[in-house]
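Peer 1:
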Amino acid sequence: MAKVHVFDHPLIQHKLTFIRDVNTGTKEFRELVDEVATLMAFEITRELPLQEVDVETPVCMAKSNVLAGKKLGIVPILRAGIGMVDGILKLIPAARVGHVGLFRDPETLQPHEYFVKLPSDVSERELIVVDPMLATGGTAVEAVNSLKKRGAKHIKFMCLIAAPEGVKVFTDAHPDVDVYIAALDEKLNDHGYIVPGLGDAGDRLFGTK
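Counting from 591, one number per residue, gives the positions in the sequence shown under the numbering used here.
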């Protein structure tokens, strides 16, 4: 069964408060999302495997550790997920970046894939799917479906805030994909918005309405 990790690091929680604030402008919102993504990347990579190597220090030869060469990939869900990519790349600049674009049918409200571009060796990579919000869960579920259809085997999902309803939908659909979130909020309202949430992440990132 999928594990749900809620990050309680003080810096993450502090910055998340200002991300939620309605008075935070586009520039500051974008910078804060970038910073929180970096902090979350630090946590989500905690269990990456290491291998021992020899290194010559100014004093002597020594044994030390480097990453064991596991290939990583970041896959933002368009469009809001783009706001989290650079923050992650600051820590793992060698990661490849793919993209998944989905639109919601206005009548059925079901998500449909319109764009997918992934690294050619997707089956060999540990993929981190990113989106600021996990609300109803439908978009995240379909994004991971798109990756699995193309051979992805090792996937994690990372978001800033999530509603309990969305977490359940996602973990029921993908019990093999762990979820990493900065805050688990109270609920969804009647319009499918997370409460208390942070509004529309895409609009706040890019200054659109």
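Ideal Cβ positions, reconstructed from N, Cα and C, are used throughout, including at glycine.
(1) So, residue 689 versus residue 665, is the Cβ gap smaller than 8 angstroms?
(2) Buried or exposed for residue 636, going by 16 or more other Cβ atoms inside 10 Å?
(3) For residue 740, count neighbouring Cβ atoms within 10 angstroms of its own Cβ and tell me buried if that reaches 16, exposed if not.
(4) Under three-state DSSP, which class holds residue 713?
(5) Could you give the first and the last residue of the continuous alpha helix (DSSP H) run that contains residue 620?
(6) Report yes if the C-beta distance between residue 597 and residue 633 is below 8 angstroms; otherwise report no.
(7) Please state if the CB of residue 605 and the CB of residue 639 are separated by a distance shorter than 8 angstroms.
(8) In chain order, what residues of the same chain lie with their CB nearer than 8 angstroms to the CB of residue 773, ignoring the 5 residues before and after it?
(9) CB-CB under 6 angstroms to residue 672, same chain, minus the five flanking residues each way: which ones, in chain order?
(10) Would you mind stating whether residue 784 and residue 725 have Cβ atoms separated by less than 8 angstroms?
(11) Skipping 5 residues on each side, what residues in its chain have a beta carbon closer than 7 angstroms to that of residue 745?
(12) In this structure, does DSSP put residue 597 in helix, strand or coil?
(13) Grouping DSSP H, G and I as helix and E and B as strand, with all else coil, what is residue 604?
(14) Less than 7 angstroms separating the Cβ of residue 734 from some heavy atom of the ligand MG?
(15) Counting C-beta neighbours from all protein chains within 10 Å, is the total for residue 704 16 or more, i.e. buried, or is it exposed?
(16) Check residue 730 in the structure and name its three-state DSSP category.
(17) Anyone know if the C-beta pair for residue 572 and residue 715 falls short of 8 angstroms?
(18) I need the DSSP call for residue 680, collapsed to helix, strand or coil.
(19) Using the beta-carbon count (16 or more within 10 Å), is residue 658 buried or exposed?
(20) Candidates 743, 692, 624, 707: which alpha carbon is nearest residue 728's?
Peer 2: The structure says:
(1) On the sequence shown, position 99 is the one that residue 689 refers to. On the sequence shown, position 75 is the one that residue 665 refers to. Taking 8 angstroms as the Cβ cut-off, residue 689 and residue 665 qualify as a contacting pair.
(2) The count along the sequence shown starts at 1 and reaches residue 636 at position 46. So residue 636 counts as exposed.
(3) Counted from its first residue, the sequence shown places residue 740 at position 150. Exposed.
(4) Indexing the sequence shown from 1 puts residue 713 at position 123. In this structure, residue 713 counts as helix in the three-state DSSP scheme.
(5) If you number the sequence shown from 1, residue 620 lands on position 30. Segment 616 to 634, the alpha helix (DSSP H) holding residue 620.
(6) Position 7 of the sequence shown holds residue 597. Position 43 of the sequence shown holds residue 633. Yes. Within cutoff.
(7) Here the question's residue 639 lines up with position 49 in the sequence shown. Here the question's residue 605 lines up with position 15 in the sequence shown. For residue 639 and residue 605, no; Cβs fall outside 8 angstroms.
(8) By one-based count along the sequence shown, residue 773 stands at place 183. 596, 603, 606, 750, 751, 752.
(9) By one-based count along the sequence shown, residue 672 stands at place 82. Contacts found: 666.
(10) Numbered from its first residue, the sequence shown carries residue 784 at position 194. Numbered from its first residue, the sequence shown carries residue 725 at position 135. Result yes, Cβ atoms of residue 784 and residue 725 sit closer than 8 angstroms.
(11) Your numbering for residue 745 matches position 155 in the sequence shown. The answer, listed in chain order, is 717, 719, 734, 737, 767.
(12) Taking the first residue of the sequence shown as 1, we reach residue 597 at position 7. It is coil, neither helix nor strand.
(13) As a first step, residue 604 must be located in the sequence shown, where it is residue number 14. Helix.
(14) In the structure on display, the ligand MG does not appear, and there are no ligands present to speak of.
(15) For the purposes of this step, residue 704 is taken as residue 114 along the sequence shown, with counting starting at 1. When all chains shown are included, residue 704 counts as exposed.
(16) Taking the sequence shown and counting its residues from 1, the one referred to as residue 730 is at position 140. Correct three-state label for residue 730: helix.
(17) With the chain covering 591 to 799 only, the question about residue 572 has no answer from this structure.
(18) The residue labelled residue 680 in the question sits at position 90 within the sequence shown. In the three-state DSSP reduction, residue 680 falls in the coil class, being neither helix nor strand.
(19) Residue 658 sits at position 68 when you count from the first residue of the sequence shown. Classification of residue 658: exposed, given that the 10 Å Cβ count is below 16.
(20) In the sequence shown, residue 728 corresponds to position 138, counting from 1. Per the Cα distances, 692.
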